Ligand SMILES: Nc1ncnc2c1ncn2[C@@H]1O[C@H](COP(=O)(O)OP(=O)(O)O)[C@@H](O)[C@H]1O
Ligand SMILES: [Mg+2]
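Numbering (the numbering used here), first residue to last: 7 to 516.
Pasting the structure below:
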């Protein structure tokens, strides 16, 4: 804990917070100098979002004090945080789809003239000034529903700046971005810093902390662990402080012993909504005991390919073959019945139903089957037994979460449940799409180990990821998709970041 001083934009001392009986934060300290980029590092469920939600007035702490610029203050609600110069971009955005970018930025803080009439022209001028000042690229007229996630995030940042944020909190901002968007964000952060803004960034990505932050606070299981100068730390030392044990940042796996081809795609062509052929004459073969990594930048046909495999989109031509049987143009039920399981990139949209309990989510696909259903009635005991088993095997925290809404779990723990559920289906092919998106290193290590275990059992894994590091690290075979085509295929040994990255960007190999 640092002494209270006006050199610090934010100081939070002795913060303790309970959710019911659960102590989520226990005497946590945070000290952030003015004009600094400060990272908050901690595993999933460590309490990072809760701490920041307290600063943003979404929650009140049970104990502890908050000082802004050396003055003790009471925040209590977001509007009070905003009026004291604190802005926050949440993990899940809060924009209105139907409105334009400008409308979203202005919403809730409308500039009115004398007669209370909304002055959009003035608002627009102010927004344009901010955009220019920080070198952001945004189209104010576009509707939010047409924007990429990266763009939506810019709108959220603009919204906070428009409201006069001097301290900007970014809650895992890079989890949903492509590598190029990440670089852009890091640049925007530097521009904000140059202008004297204070930035708090929550991220699990050690590389990004090293690249952007000057100081970092580490919390573990709701407790303050350390406040460090980033320059004095390595990725490894940061990771170990975060999880409290030694950790492997690289996947440990033995030489593969490939079996027969389990899954095959032959000359597949698929069109997107607009009728454009976004998967072109694509072929691949995945053997048992093999992790097949598909690298590519978002929007190169991955979505349509997946939808087609899942039976949600028609193939114009070509075949999808599982265990020698054609499954293209059937339906999702049939695909799952052929022993394929999916881990979706967007676990909130497809992976689970947020307002259902953990237990109900775990048996979501199976509740009609034995032993969960008996004469049309749900067998609660069997459901709970099965759920308990998954919670234990996959170290889901908190361990007694069976009857909680899955919404209340952190992203990493939600993902562990989804993965546990899918692996429990005993698939012969697991399709994992961005399986570690938004997870911290501890959880990533765990998920990777699960995929490698499955491969070591002779199963096939199709890994689709935008994280090139993850693909290179984990896959036995690496293919690159660009413009809907496979433009290169490598064994792990021959692949490197440069070769694969070049193909991903549409360059020619060698
Ligand atoms: N509204 C809530 N009600 C009950 N428990 C919550 C709520 N929000 C978060 N939690 C719990 O508090 C802990 C910390 O969560 P969070 O601050 O979101 O962690 P982090 O952002 O570090 O991943 C987790 O165990 C989570 O399940
Ligand atoms: Mg969080």
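Backbone N, C-alpha and C define an ideal beta-carbon position, used for all residues, glycine too. All figures in this text were calculated on a predicted structure; none of them were measured in a lab.
- Between ligand 2 and the CB of residue 177, the shortest heavy atom gap is smaller than 7 Å.
- Nearest neighbour of residue 466 by Cα position, chosen from 328, 195, 145 and 62, turns out to be 328.
- For residue 159, the Cβ stays outside the 7 Å cut-off from all heavy atoms of ligand 2.
- Annotated as proximal: residue 58 and residue 208, with beta-carbon spacing under 8 Å.
- Taking all protein chains shown into account, residue 442 has 16 or more neighbouring C-beta atoms within 10 Å of its C-beta and is therefore buried.
- In the structure shown, the three-state DSSP call for residue 392 is helix.
- Distance from the CA atom of residue 229 to the CA atom of residue 52, rounded to whole angstroms, is 8 Å.
- In the DSSP assignment, residue 177 falls outside any alpha helix (DSSP H) and lies within the beta strand (DSSP E) extending over 173-177.
- Judged by DSSP in its simplified three-state form, residue 64 adopts coil rather than helix or strand.
- Here residue 386 carries a helix assignment [DSSP, helix/strand/coil].
- The three-state secondary structure of residue 452, taken from DSSP, is helix.
- The C-alpha of residue 445 is placed about 30 Å away from the C-alpha of residue 202.
- Rounded to whole angstroms, the separation of the alpha carbons of residue 350 and residue 357 is 6 Å.
- Using a cutoff of 7 Å, the CB of residue 55 counts as near ligand 2, since one of the ligand's heavy atoms is closer than that.
- Annotation for residue 21: the continuous beta strand (DSSP E) segment containing it runs 14-25.
- Residue pairing from DSSP places residue 44 in a beta bridge opposite 206 and 221.
- In terms of CA proximity to residue 511, 487 leads the group 501, 496 and 487.
- Distances from the CA of residue 67 to each of 31, 96 and 492 were compared; the closest alpha carbon is that of 31.
- Not a single heavy atom of ligand 1 lies less than 7 Å from the C-beta of residue 367.
- Distances taken from the Cβ of residue 52 to the heavy atoms of ligand 1 include one shorter than 7 Å.
- Excluding the 5 residues flanking it on each side, residue 345 has same chain C-beta neighbours closer than 6 Å at 433 and 434, in chain order.
- Residue 404 has its Cβ nearer than 7 Å to a heavy atom of ligand 1.
- Counting C-beta atoms within 10 angstroms of its own C-beta, residue 69 has fewer than 16 neighbours from the protein chains shown and is therefore classed as exposed.
- For residue 420, the shortest C-beta to heavy atom distance toward ligand 2 is 7 Å or greater.
- Given a length threshold of 3 residues, each whole run of the beta strand (DSSP E) inside the stretch 327-384 is given here in chain order: 346-349.
- Between residue 206 and residue 182, the CB-CB gap reaches or exceeds 8 Å.
- Here residue 510 carries a helix assignment [DSSP, helix/strand/coil].
- Here residue 367 is buried, its C-beta having at least 16 other C-beta atoms within 10 Å.
- Of the heavy atoms belonging to ligand 1, at least one sits nearer than 7 Å to the Cβ of residue 416.
- The stretch 317-332 makes no contact with the stretch 491-508; the number of CB pairs closer than 8 Å stays below 3.
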